[in-house]
Amino acid sequence: MSQEQGITPRAKDFSAWYNDAVMRAELADYSPVRGCMVIRPNGYAIWELMQQALDRMFKDTGHRNAYFPLFIPQSFLEKEAEHVEGFAPQVAVVTRAGGKDLEEPLVVRPTSETIIYDSFAKWIHSYRDLPLLINQWANIVRWEMRTRLFLRTTEFLWQEGHTAHVDEADAEREARRMLGVYRRFAEEWMAMPVITGVKTDSEKFAGALRTYGVEALMQDNKAIQAGTTHNLGQNFAKAFGVQFQTAEGGLDHVWNTSWGVSTRMIGGLVMTHGDDVGIICPPRLAPVQVVVVPIYRSDEERASVTEVAGAVAKSLKDGGFRVEVDAREGMKPGAKYYQWEGQGVPLRLEVGPKDVAKGQVFAARRTGGKAPIPLAGLVEGVRVALDEIQAGLYQAARDRREGASRRGVSKEELVAMMAGDGGFAYGGFCGGQDCETAIKESTKATVRVLPDEEFRSTPAPATCVWCGKPSVVEAVWAKAY
Ligand SMILES: [Zn+2]
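Residues 378 to 858 (this note's numbering) make up the sequence shown, in order.
This is the structure:
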């Protein structure tokens, strides 16, 4: 990839386009350690904005941050049977350290339920200690053979919420509440429409009672799981002895939930909004929302134009926007545009001598369209433009997803769809493991969710797409990342 060649068009090879777009935006880089990635400043800045927004939402819903060790005694993982079975193939184990073999091997955390609930057992005594609502920002390691930047890497960054409750109803409310938080974040910040619902038993988290997910459809019509929340029941509480004195004076095990989203969302953002020029950042998550480019030919023009550009940037910064002035010398405006477009900056303000004379700047949207904004109404004009870009990105992604969704599919349609363009296929499901497995083997599509009520079809499908028996629940199938 070079500036002259541009990046691979999406229609030619979406996967190559994705890698080109990530590299061109300087979001990430390959690392000398196979399976790992380097997150570059441009990518990390997006992650920081994601963190800030989510962290605020977590705190607004009563959660507090804490930090637990990277290493987990191997015996901890083995205490919950399904959990260890689910994660065993992916764990990295430290057997030697400090120049000698360890008495007990240490697992590098693939997720932290076990070590956190070991602490919960010490902290929780009475129903008055509940609910306990904790979140951790951390890195985790799940060994991967085939990796993709952001989407699938051996080490990644995430947050994991871990909570304890007095009963099933309260744990269920929490799992649902956090699913709602993830949905709101996806829609309002990432401009990424999602469907929510419960996972089938074969797709649920190892050790959970129920797993809920938010699912988005990428431009290649493959699904991405953007976040999951789990009602863990009392499985872990029993394994780790997390008990409490009930209000009635008895003794009971707590009910746990856990929930997480990761740097994978950056991959989702790229694949939801990017075009053949590169990535497009939704304004609310754009590290640079506005780039100001002074345009001049003579030294005289340069002086006046640069002064106005500086004043424009200052008033926008004062207005609360993230702004850069690109005053680099010896570089043509076109080359600057190309660079900022590749980084997905939503709005570019061009300040030329004619604009200065007219008391305006020229605003070019990354999503297309150019229009002047008068300097007198600059802050408001920029605010309106960014809001429109944010809303437009969401609407375009939603229209695209709906265009790639089919409801009430038959077996033949499901097979043809997954062999062809892909997308979300809504259909009846008997709930049988046999059908789920057969569909996965025949079409490579999995049940993404059993959709929540507002996403379901009316009337509900009558028969299972695969076996023709009565449908007990509607399902959404797609090929997934
Ligand atoms: Zn069936």
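Even glycine gets a Cβ: it sits at the ideal position worked out from N, Cα and C. Computed from a predicted structure; not experimentally measured.
Item	Value
Tryptophan 514 and asparagine 598 look like a contact to me (Cβ under 8 Å); what is the Cβ gap, rounded to whole Å?	Not really, about 32 Å apart at Cβ, beyond 8 Å.
Residues near ligand 1, CB to any non-hydrogen atom under 6 Å, in chain order?	Cys807, Gly809, Cys812, Cys841, Trp843, Cys844, Lys846
Is tryptophan 636 closer than 9 Å to alanine 552 when the C-beta atoms are compared?	yes
Taking Cβ positions, are arginine 725 and alanine 741 nearer each other than 9 Å?	yes
Using CA atoms only, rank isn't needed, just tell me which of Phe582, Gly590, Ala585 is closest to isoleucine 572.	Gly590
Going by the beta-carbon positions, is the gap between valine 670 and tyrosine 714 smaller than 9 Å?	yes
With a floor of 4 residues, list each alpha helix (DSSP H) that falls wholly inside the stretch 478 to 533, ordered by position along the chain.	490 to 500
Determine the extent of the alpha helix (DSSP H) in which tyrosine 803 is found, giving its start and end residues.	No alpha helix (DSSP H) holds tyrosine 803; the beta strand (DSSP E) holding it covers 801 to 806.
For alanine 393, name the three-state secondary structure that DSSP assigns.	helix
For the 8 Å Cβ check, are there 3 or more pairs between the stretch 650 to 659 and the stretch 400 to 414?	yes
If you reduce the DSSP assignment to three classes, tell me which class threonine 634 lands in.	strand
Count the other CB atoms within 10 Å of the CB of lysine 691; is the residue buried (16 or more) or exposed (fewer)?	exposed
Under 9 Å, do arginine 560 and lysine 576 count as touching if we go by C-beta distance?	no
What residue does the beta strand (DSSP E) around tryptophan 843 start on, and which one ends it?	It is not in any beta strand (DSSP E) - tryptophan 843 carries neither H nor E in the DSSP assignment.
CA-CA distance, methionine 378 and threonine 524?	Residue confidence for methionine 378 is low, a pLDDT of 42 falling below 50, so the modelled location carries little weight; the figure read from the coordinates is stated next. Roughly 20 Å between the two C-alpha positions.
Of all the alpha helix (DSSP H) runs that stay within the bounds of the stretch 760 to 802, which reach a length of 4 or more residues?	788 to 796
Evaluate leucine 628 with the Cβ neighbour count: other Cβ atoms within 10 Å of its Cβ, from every protein chain shown; 16 or more gives buried, anything less gives exposed.	exposed
Taking just the CA atoms, how far does alanine 734 sit from glutamate 381?	Confidence is the limiting factor: at glutamate 381 the pLDDT is only 47, short of 50, which leaves the residue's position unreliable, though a coordinate-based value still follows. Cα to Cα, glutamate 381 sits roughly 35 Å from alanine 734.
On the DSSP bridge assignment, give the partners of methionine 414 in chain order.	Tyr407
Which residues in the same chain have their Cβ closer than 8 Å to the Cβ of leucine 479, if we skip the five residues on either side of it in sequence?	Val471, Thr472, Arg473
Looking at leucine 507 and valine 871, is the spacing between their C-beta atoms short of 9 Å?	The requested residue 871 is not part of the displayed model; the chain covers only 378 to 858.
When DSSP labels each residue in this structure, what does tyrosine 421 get in the three-state scheme?	helix
By the 10 Å Cβ neighbour count, where 16 or more other Cβ atoms means buried, how is lysine 731 classified, buried or exposed?	exposed
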